[in-house]
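Take a look at the structure set out below.
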Amino acid sequence: SQQGEEDPQALSIQEGENATMNCSYKTSINNLQWYRQNSGRGLVHLILIRSNEREKHSGRLRVTLDTSKKSSSLLITASRAADTASYFCATRAGGFKTIFGAGTRLFVKA
Amino acid sequence: DVKVTQSSRYLVKRTGEKVFLECVQDMDHENMFWYRQDPGLGLRLIYFSYDVKMKEKGDIPEGYSVSREKKERFSLILESASTNQTSMYLCASRGFDGNQPQHFGDGTRLSIL
């Protein structure tokens, strides 16, 4: 079964609005990562948050991690049409494996 | 910036053919990965390599093999291609520290006819 599961599966918003995507996972983790994928391309790393961190920022991105609830959220503020992409959370519990969720498809309307 | 290069963006092969997908990274990373991505299933790990000539099976290794003769190159081999191996294949690399992110290539969209 998937370790990370994103919610919602798809999200459509207007340019300028904020977009929030959630990720839940099942087991203890070392870190949680968020990636972005434009259509037909590879994944691009956005943010990595370690298990002992609660919040991290990078430009218009804000990631929170709640290890007690085994959940994370990715907030994109003031979204732009260029933010249209799929967003994946990925968790690393130890060993070599990083487990990816099925992703949230974000569509930002201009 | 780390660059991970996959040899083909699109590839069409016939059932029963032996197919080679090549991946090269330029950052001297120890770890390299092959995933396949299918709609609704996310990324599934096929094989992982942590050093030259070293490999570990991922979640779906059946029908695939890998080769890592040089640190920068990790090849995925479909021994006898089948239609259910039609998919997007993604290669990634990562340094030794597990708290580093993975860096992905642009993917190879493989169609088996």
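So the sequences go chain by chain: A and B. If you're matching positions, the first sequence starts at 12 in the working numbering and goes up one per residue. If you're matching positions, the second sequence starts at 1322 in the working numbering and goes up one per residue. Cβ atoms here follow ideal geometry from the backbone N, Cα and C, with glycine treated the same way.
In this structure, does DSSP put Val1333/B in helix, strand or coil? Stepping through the second sequence from its first residue, residue 1333/B is reached at position 12. Three-state DSSP puts Val1333/B in a strand.
Relative to chain A, which residues along the segment 1402-1429 of chain B have a C-beta separation below 9 Å, given in chain order? Cβ contacts with chain A come from Met1409, Leu1411, Cys1412, Ala1413, Arg1415, Gly1419, Asn1420, Gln1421, Pro1422, Gln1423, His1424, Phe1425, Gly1426, Asp1427 and Gly1428.
Quick one: does Leu1431/B have its CB under 7 Å from some CB of chain A? Working through the second sequence from its first residue, we reach residue 1431/B at position 110. Chain A contact via Cβ: absent.
Counting Cβ pairs closer than 8 Å, one from the segment 62-79 of chain A and one from the segment 46-54 of chain A, do we hit at least three? no
Cβ contact check for the segment 1348-1364 of chain B and the segment 1411-1420 of chain B: 3 or more pairs under 8 Å: Contact between the segment 1348-1364 of chain B and the segment 1411-1420 of chain B is present, because at least three Cβ pairs lie under 8 Å.
Quick one: what does DSSP say Ala21/A is sitting in, helix, strand or coil? Along the first sequence, one-based indexing puts residue 21/A at 10. In this structure, Ala21/A counts as strand in the three-state DSSP scheme.
Chain B contact residues for Leu59/A, given Cβ-Cβ distances below 8 Å: On the first sequence, position 48 is the one that residue 59/A refers to. In chain order: Asn1420, Gln1421 and Pro1422.
For Thr31/A, go through chain B and note every residue whose CB falls closer than 7 Å to its CB, in chain order. Within the first sequence, numbered from 1, the residue matching residue 31/A stands at position 20. By Cβ distance, chain B contributes nothing, its closest Cβ being about 20 Å from Thr31/A, past 7 Å.
If the criterion is Cβ atoms closer than 7 Å, does the pair Ile1398/B and Pro1382/B meet it? As a working mapping, residue 1398/B is identified with position 77 in the second sequence. As a working mapping, residue 1382/B is identified with position 61 in the second sequence. Contact flag unset, no.
Do three or more CB pairs link the segment 34-46 of chain A to the segment 78-87 of chain A at distances below 8 Å? yes
If Arg72/A sits next to Leu85/A, beta carbons under 8 Å apart, how far is it from one beta carbon to the other, in whole angstroms? By one-based count along the first sequence, residue 72/A stands at place 61. By one-based count along the first sequence, residue 85/A stands at place 74. In the sequence under discussion, the amino acid at residue 72/A is Leu, which differs from the Arg named in the question. The pair is a contact, with the Cβ atoms about 7 Å apart (cut-off 8 Å).
What are the boundary residues of the beta strand (DSSP E) that Tyr1343/B is part of? The residue you call residue 1343/B lines up with position 22 of the second sequence. In the sequence as presented, Tyr is not what sits at residue 1343/B; that position holds Glu. Segment Val1340 to Gln1346, the beta strand (DSSP E) holding Glu1343/B.
Amino acids of chain A, ordered along the chain, whose beta-carbon sits closer than 7 Å to that of Leu1364/B: Counting from one through the second sequence, the residue named residue 1364/B turns up at place 43. Result: Phe111.
Around the Cβ of Gln20/A, are there at least 16 other Cβ atoms within 10 angstroms (buried) or fewer (exposed)? Residue 20/A sits at position 9 when you count from the first residue of the first sequence. It counts as exposed.
Interfacial residues, the segment 31-54 of chain A to chain B, with Cβ spacing under 7 Å: Asn41, Asn42, Gln44, Arg52, Gly53 and Leu54
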